[in-house]
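Peer 1:
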Amino acid sequence: MMSPEVVPGSPIRLRDYQQSAMASVLAARDRGLTRAMVVMPTGAGKTTLFAAIVHEFASVGREKCLVVAHRLELIEQAARRIAEQSPGLKIGIEGGQFTAPEDSDIVVAGVQTLGRKGTKRLEWFHPGLMILDEAHHAPADTWQNVLKRFGSYDGVCFTLGVTATDHRMDNKPLHGDSLAIFEDVVYRYTLRQAISDGWLVDLRGYRVATGVDLSTVRKTYGDYNTSDLAKAVNIESRNQTAIRYWEQVAHDRQTIVFCVDIQHARDVAAMFRAAGVRAESVDGTLKFEDRAGIIRRFRKGTTQVLTNVDVATEGFDIPSASCVLMLRPTQSWALYTQMVGRGLRTLAGITDGVATPKLRRHNVATSGKPDCLVIDIVDLSKAGAPGEEPQEKPNAKEQIGVGGLLGLPADFDLQGESVYEAAKNVEEMEPYRRSELFRRPTSWEDLSEALEEIDLIKELSIPEEVLHVSRLAWMKIGEDKYYLACGSSGLEKERFARIECDELGRYSLILGSSMIPEIVTPIGEDFASVFDEADRMVRLTFPDCRNIVQADAHWRERAPSEKLIAKLREFEVDEKTLASIITMGQAHALLNQKKMGHVRMRRLAQRAAQI
């Protein structure tokens, strides 16, 4: 552990969302809350945030501050960051062999040190602010002893919990309930938002099925019993399956492997080495200097694969790691989130100081670490009846996967594609289509097929930009090109209006039918004015077309008629496409598309014949 004499540096500059989080915390205190929580994904800078909050309380409010963590690495990291943010304040460390000086303004302490019943350590310290790092551990007895000891439940000490996940294994709420530890989550920054803003790398996922059956593995405190689980999964065939798949998709990536127990981690590291991969194993039983050496070699890249047990989770910060191999099955979203979080950080110097999300995403995408691969090794969780084969598909409710971190089904198989893109596409689906994804096992391929249907429906719907400027049912047929079918009148068939834009941004309206040649009229450059004028001219030229061109005509929402479906079949529309057509308006739009294509081909043929 570092010395208590922390060398101060320069103050830290907060990112925009960290500033918002800090403002929310201070506002929560001002409105009378005494126990608040902030939830931000791993890699988003929770330590930087609470260092700034500590600075606000200690430097501005002149209040003593206590930061509590459960790992040596977290204590060390917090003390350094607070020293950078608050160079004029005295920082002490309380834990193990270190004792904080009694003139300390800020103390960073281990929960094991302060949470022991009857301990006299820090009896003299009376903080006005207490930070709980990795606050999802707060239900544990040692944490509760600390909360009670320093007056969190009595309103004596404003308490802030920071975590990447506010989910508990016993499903009791960490916040928002009268009996909960924290009164409210005052700020939440989601993983999806952090990826979208370009602060974290995107995730790509693979699910690799094995024949291992976990149905006989007992549950302890809501997760798999470690002893039972190790016996079930630490078998050569499963380990070899994982390594072979890793060699196919991630052989060039620095990788963190999560294992069940020490023997599992050592066995897997040995198998990687046997395959010619530079691999080491780390666990909490190693001496501090040995553990530090292994991690140092991994940080430098001398070691490519690091297998571990409960070491490379919270507080483990090595941005160059770009693959996470999940050999440890879990039913804990909190644990799974922490494990995946080890691969989320961008490379140093890629995003800070970059003004816009778009540019940050570009920098990440073109960097040496554009994304992180997550390889989930998925086992059977329910055996078949006597004499039957076990289930071919794992039990979705028991098989946590990376898609679930962004709101996709827990068993969603990304097939190596982007979880961010998948989540964005799912969100754009209509609710009934989205719900179908959660009723059955789903993959990226299934999603792609669904999106093809959605794209078709979108193509057949009135464009969103037109809905705001016109009451007519214009259909987009290209870049800055719009089409309106205007029906028929007597001998005049195939009446239409078309809006087109030239290279200089000038719009023209083209009116025509089977009886009259196309009439081209310039109608301006302003988008809204263009449609006002086009709508007016359509009504003047085809005064009897109101019912066919109005966007809100009642017939558009009716189910397609059999006659209309038959007409679409004449144009060789396939049955899958027909099944996705829901309304008469969509069917008419598709028919108009087909007619336009037919007319274009007919005119091309006529011109070819004339030549």
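For the sequence shown, this note's numbering assigns the number 14 to the initial residue and increments by one for each residue that follows. Glycine included, every Cβ here is placed at the ideal spot set by N, Cα and C.
1. Tell me which same chain residues have a C-beta within less than 6 Å of the C-beta of G400, skipping the five on either side of it?
2. Runs of 3 residues minimum, wholly inside the region 497–533: which ones carry the beta strand (DSSP E) assignment?
3. Given that a residue counts as buried once 16 or more other Cβ atoms are within 10 Å of its Cβ, and exposed if not, what is Y433?
4. Taking 8 Å as the cut-off, decide whether the C-beta atoms of T172 and L145 are in contact.
5. With DSSP as the reference, please indicate the residues paired to I269 in a beta bridge.
6. Looking only at its chain, what residues have a beta carbon closer than 7 Å to the beta carbon of G381, apart from the 5 residues adjacent to it on each side?
7. Following the continuous alpha helix (DSSP H) through I88, name the residue where it begins and the one where it ends.
8. With three or more C-beta pairs closer than 8 Å as the rule, is the region 197–215 touching the region 34–54?
9. Check this for me: beta carbons of C385 and L160, under 8 Å apart or not?
10. Since G306 is in the alpha helix (DSSP H), which residue starts that stretch and which ends it?
11. Can you tell me whether T364 is helix, strand or coil according to DSSP?
12. Report the CB separation of I104 from I88 in whole angstroms; it is logged as a contact under 8 Å.
13. For the 8 Å Cβ check, are there 3 or more pairs between the region 334–353 and the region 243–257?
14. Can you tell which of E293, R508, Q110, L79 has its C-alpha closest to the C-alpha of I95?
15. Runs of 4 residues minimum, wholly inside the region 97–130: which ones carry the alpha helix (DSSP H) assignment?
16. Please determine if the region 250–270 and the region 216–231 are in contact, where contact requires at least 3 C-beta pairs separated by less than 8 Å.
17. Give me the Cα-Cα distance between A49 and G417, rounded to the nearest whole angstrom.
18. Just checking my contact of R257 with D241 at CB under 8 Å: how many whole Å lie between their CB atoms?
19. Measure the C-alpha to C-alpha separation of M609 and L372 and round it to an integer number of angstroms.
20. With distance defined between alpha-carbon atoms, name the residue in A92, P383, V199, A510 nearest to L524.
21. Starting from K489 and walking both ways along the beta strand (DSSP E), at which residues does that stretch end?
22. Taking only the alpha-carbon atoms, compute the straight-line gap between S72 and A82 and give it to the nearest angstrom.
23. Just verifying my parser: in three-state terms, what is the DSSP assignment at I536?
24. From what residue to what residue does the beta strand (DSSP E) around Y202 run?
25. Just tell me which of F329, A287, A288 has its CA closest to the CA of I307.
26. So, for E583: in the same chain, excluding its five sequence neighbours on each side, which residues have a beta-carbon less than 7 Å away from its beta-carbon?
27. One question on the structure: do I269 and A334 come within less than 8 Å of each other, judged by their Cβ atoms?
28. Taking a contact to mean a Cβ-Cβ separation below 8 Å, would you say C272 touches V262 in this structure?
29. With a threshold of 8 Å on Cβ separation, who are the neighbours of N321 within its own chain once the five nearest residues in sequence on each side are excluded?
30. Given this structure, state the Cα-to-Cα distance separating G503 from M528, to the nearest angstrom.
31. Considering only DSSP beta bridges, list what F195 is partnered with.
32. From the DSSP output, in three-state form, read off I135 for me.
33. Below 6 Å CB to CB, which residues in the same chain sit around K506 once its five sequence neighbours on both sides are set aside?
34. Thinking just about the alpha-carbon of each residue, which of A541, E538, S521 is nearest to the one in I532?
Peer 2: On the basis of the supplied data:
1. Low local confidence applies: a pLDDT of 35 at G400 is under 50, so the model's placement there is unreliable, with the coordinate-based value given in what follows. No residues qualify anywhere along the chain.
2. With a minimum length of 3 residues, the continuous beta strand (DSSP E) runs that stay inside the region 497–533 are 509–514, 520–525.
3. With 16 or more other CB atoms across the displayed protein chains lying within 10 angstroms of its CB, Y433 is buried.
4. Between T172 and L145, the gap from beta carbon to beta carbon is short of 8 Å.
5. Paired residues: L319, V337.
6. Only L360 meet the Cβ criterion.
7. It spans 85–98 - the alpha helix (DSSP H) in which I88 sits, taken as one unbroken run.
8. With the rule of 3 Cβ pairs closer than 8 Å, the region 34–54 counts as touching the region 197–215.
9. No. Outside cutoff.
10. For G306, the enclosing alpha helix (DSSP H) covers residues 301–313.
11. Residue state, collapsed to three classes: coil.
12. So it is not a contact: roughly 11 Å between Cβ atoms.
13. Touching, yes, given that three or more Cβ pairs across the two stretches are closer than 8 Å.
14. It is L79 whose Cα lies nearest to the Cα of I95.
15. The qualifying runs are 124–127.
16. Yes, the region 250–270 touches the region 216–231.
17. Each residue's CA atom was taken as its position, placing A49 and G417 some 26 Å apart.
18. With 8 Å as the limit, R257 and D241 do not qualify as a contact, their Cβ atoms being about 26 Å apart.
19. Rounded to whole angstroms, the separation of the alpha carbons of L372 and M609 is 40 Å.
20. Distance from the Cα of L524 is smallest, within the candidate group A92, P383, V199, A510, for A510.
21. Segment 488–491, the beta strand (DSSP E) holding K489.
22. Using only the alpha carbons, I get a separation of about 22 Å.
23. In the structure shown, I536 sits in a strand (DSSP, three-state: E or B).
24. Here Y202 belongs to no beta strand (DSSP E), and DSSP marks it neither H nor E.
25. The candidate whose alpha carbon is nearest that of I307 is F329.
26. A distance below 7 Å between beta-carbons, with the five flanking residues on each side excluded, links E583 to no residue of its chain.
27. Yes, Cβ-Cβ distance for I269 and A334 is below 8 Å.
28. Against a cut-off of 8 Å, the Cβ pair of V262 and C272 comes out as no contact.
29. Its chain contains I269, V270, F271, C272, A278, S294, V295, D296 as the residues whose beta carbon lies nearer than 8 Å to that of N321, once the 5 sequence neighbours on both sides are disregarded; these appear in chain order.
30. Each residue's alpha carbon lies about 11 Å from the other.
31. Answer is H188.
32. According to the sequence shown, residue 135 is Leu rather than Ile. The three-state reading of DSSP puts L135 in coil, since its state is none of H, G, I, E or B.
33. Excluding residues within five positions, the ones whose Cβ falls inside 6 Å are S527.
34. Of the listed residues, the one whose Cα sits closest to I532 is S521.
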